[in-house]
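Top to bottom, those sequences are chains A and B.
Letter by letter, the first sequence follows residues 1 to 204 of the UniProt record's numbering.
Letter by letter, the second sequence follows residues 1 to 204 of the UniProt record's numbering.
By construction, the Cβ of each residue, glycine as well, lies at the ideal position given by its N, Cα and C atoms.
Here's the structure we're looking at; comments come further down.
Number of protein chains: 2
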Amino acid sequence: MPAAYEGALQDLVDQFGELPGIGPKSAQRLAFHILSADAESVERLVEALRAVKSRVHFCVTCGNVAEEEQCAICRDPRRDRRVICVVEEPKDVVAIERTREYRGLYHVLGGAIDPINGVGPDDLRIRELFARVGDGSVEEVILATDPDVVGEATAAYLTRMLRTMDVPVSRLASGLPVGSDLEYADEVTLGRAFEGRRRIDEES
Amino acid sequence: MPAAYEGALQDLVDQFGELPGIGPKSAQRLAFHILSADAESVERLVEALRAVKSRVHFCVTCGNVAEEEQCAICRDPRRDRRVICVVEEPKDVVAIERTREYRGLYHVLGGAIDPINGVGPDDLRIRELFARVGDGSVEEVILATDPDVVGEATAAYLTRMLRTMDVPVSRLASGLPVGSDLEYADEVTLGRAFEGRRRIDEES
């Protein structure tokens, strides 16, 4: 679709069109929504955008999103510091928190090992995970990467590497449909998967 | 889905979720995109949002979007001022411009008469249309409201009202599938509809 509106409006259509999952028609609809929205609500959106860029970053300990140096979970004294649950993304933390089954800490990798898309172990927060496990206070590592190809490969890689560190490693199991996305699992399924986790460092 | 992230990020998820056509999962994906996007591109989006609010308004003559008092089409001396094409929304102007078949002016109503949703003739720029037609320089009014229920009803209403003003009134016809949305018609179909328009003020 060629540029069609006058300057500023077409500019906004283009900007919206660059966001993930927003096609040309959606971008146009959003731009017209902004045009007719009251100035206050647009200013709220602007402020929210800027606040995220200026205030939100990643927890120095676990890699989850945080507004302070550490995220709310790492700062919470009631969490069980002996267990670390390894996930791919911050939104997986949210999905697991919603089950209310898990009281330990997290470690957010920032993705999964995916050689086809050029993501190797060094591109993820794997070294930081080993550093945390290496200090001796961790009694279990739960691998909760997505049950898809790259998530399983990442779990297999981490299992192999953690075997040298003498810490029990488990993997979320029963209930999660294979090939799906952890983030979309319902609370009950995800809770069952926690209960039914099995050790995988003792196999083979 | 309950609030789940820390302050600013959840705030942005909520703000995105209020936009039309953006569900909770899309809002979350967009917020994470903003979080990891470079600050410059977010600032470009912010500036585009603000520019639309501060610079874009509606043409005093035709109701199309404009950055000056009049829109680019009304200001263009090459346009044929004897013909007015009446559409519902500014995006319909863009769709018709894309056909390159039409060289007259437009009149953007700002919607269609839709009593179920509480939109009556006084909520649209209908009085302004009559004022333009009433000055005597207009030789044809082309009704290009959407070929759906409310668009047809609006066209019927305008035909009835314009009959007193002694100006030929035509309606886009052949080619547009009934029940669809003008904005999505392809250029050829829309061009044919222009060619095949028929007078409707002489019927009944």
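| Asked | Found |
| --- | --- |
| Quick check on DSSP: helix, strand or coil for residue 140 of chain A? | strand |
| Would you say residue 174 of chain B reaches chain A, if we count a Cβ-Cβ gap shorter than 8 Å as a contact? | Because the pLDDT of residue 174 of chain B is 48, which lies under 50, any placement of that residue in the model is unreliable, and the number read from its coordinates should be weighed accordingly. Chain A contact via Cβ: absent. |
| Please tell me whether residue 39 of chain B has its Cβ less than 8 Å away from any Cβ of chain A. | yes |
| Tell me which residue opens and which closes the alpha helix (DSSP H) that residue 17 of chain A is part of. | 7-17 |
| Measure the C-alpha to C-alpha separation of residue 2 of chain B and residue 94 of chain A and round it to an integer number of angstroms. | Below a pLDDT of 50, predicted positions are generally treated as unreliable, and residue 2 of chain B, at 47, falls in that range; the measurement from the model is reported next regardless. Spanning the two alpha carbons is a distance of roughly 10 Å. |
| If you count every other CB in all the chains shown that lies within 10 Å of the CB of residue 21 of chain A, and 16 or more means buried, which is it? | exposed |
| Taking the DSSP output, what are the residues bridged to residue 65 of chain B? | B:58 |
| Out of B:170, B:79, B:138 and B:121, which one is the CA nearest neighbour of residue 110 of chain B? | B:121 |
| Just how far apart, CA to CA, sit residue 158 of chain B and residue 186 of chain A? | 53 Å |
| Would residue 117 of chain A be called buried (16 or more neighbouring beta carbons within 10 Å of its own) or exposed? | exposed |
| Under the three-state reduction of DSSP, which class applies to residue 114 of chain B: helix, strand or coil? | strand |
| When the Cα atoms are used, what is the spatial distance from residue 164 of chain A to residue 151 of chain A? | 21 Å |
| What does the alpha-carbon distance come out to for the pair residue 138 of chain B and residue 42 of chain A? | 39 Å |
| Run through DSSP, which three-state label would residue 74 of chain B get? | helix |
| Alpha carbon to alpha carbon, how far is residue 131 of chain A from residue 66 of chain A? | 20 Å |
| What is the residue span of the beta strand (DSSP E) that residue 80 of chain B lies within? | 80-87 |
| Considering only their Cβ atoms, is the gap separating residue 108 of chain A from residue 141 of chain A smaller than 8 Å? | no |
| Closer than 8 Å by beta-carbon distance: list the chain B residues that pair up with residue 21 of chain A, in chain order. | 26, 29 and 30 |
| Would the stretch 20-34 of chain A count as touching the stretch 46-58 of chain A if we require 3 or more Cβ pairs under 8 Å? | no |
| For a contact meaning CB atoms closer than 8 Å, what does residue 33 of chain B contact in chain A? | 19 and 20 |
| What is the DSSP secondary structure of residue 1 of chain B, reduced to helix, strand or coil? | Annotation note: pLDDT 42 at residue 1 of chain B (below 50); position unreliable, coordinate value reported separately. Residue 1 of chain B: coil per DSSP, three-state reduction. |
| Are the beta-carbon atoms of residue 74 of chain A and residue 62 of chain A separated by less than 8 Å? | yes |
| Using a cut-off of 7 Å between C-beta atoms, extract the partners of residue 44 of chain B located in chain A. | 15 |
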